[in-house]
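In the numbering used here, the protein residues as written are 352 to 447.
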């Protein structure tokens with residue numbers, strides 16, 4: 352599931368970077384945009400609008416390998432399958 356989230360974020364960041372630079376049919380109007388903004392202003396605008404999404408993408412990529420210990424502890428706690436040596440993983444019969 353985390354990989355699907357990262358993939359979708361990559362698609363969004365790529366779209367944000369290129370949607371003012373590459374003709375995408377009815378999704379943008381490149382000649383109209385070039386008539387209003389200079390290339391340097393367009394580059395600055397693209398950078399500013401992309402930075403927050405790129406930062407979240409980098410954080411998501413860095414955190415995909417993190418193990419969520421709280422969730423695993425909560426899962427074993429609700430299994431009611433703890434022994435003296437510690438919690439054991441749930442089986443389908445112990446969750447009922």
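Beta carbons are placed, not taken as given, at the ideal position from N, Cα and C, and that holds for glycine.
- The C-alpha of residue 352 is placed about 32 Å away from the C-alpha of residue 374.
- Proximity to residue 389 across 371, 364, 354, 357 peaks at 371, based on C-alpha coordinates.
- C-alpha of residue 408 to C-alpha of residue 357: approximately 7 Å in a straight line.
- In this structure, the CA atom of residue 382 is about 45 Å from the CA atom of residue 417.
- Looking only at 355, 362, 367, 354, the smallest Cα-Cα distance to residue 402 is reached by 367.
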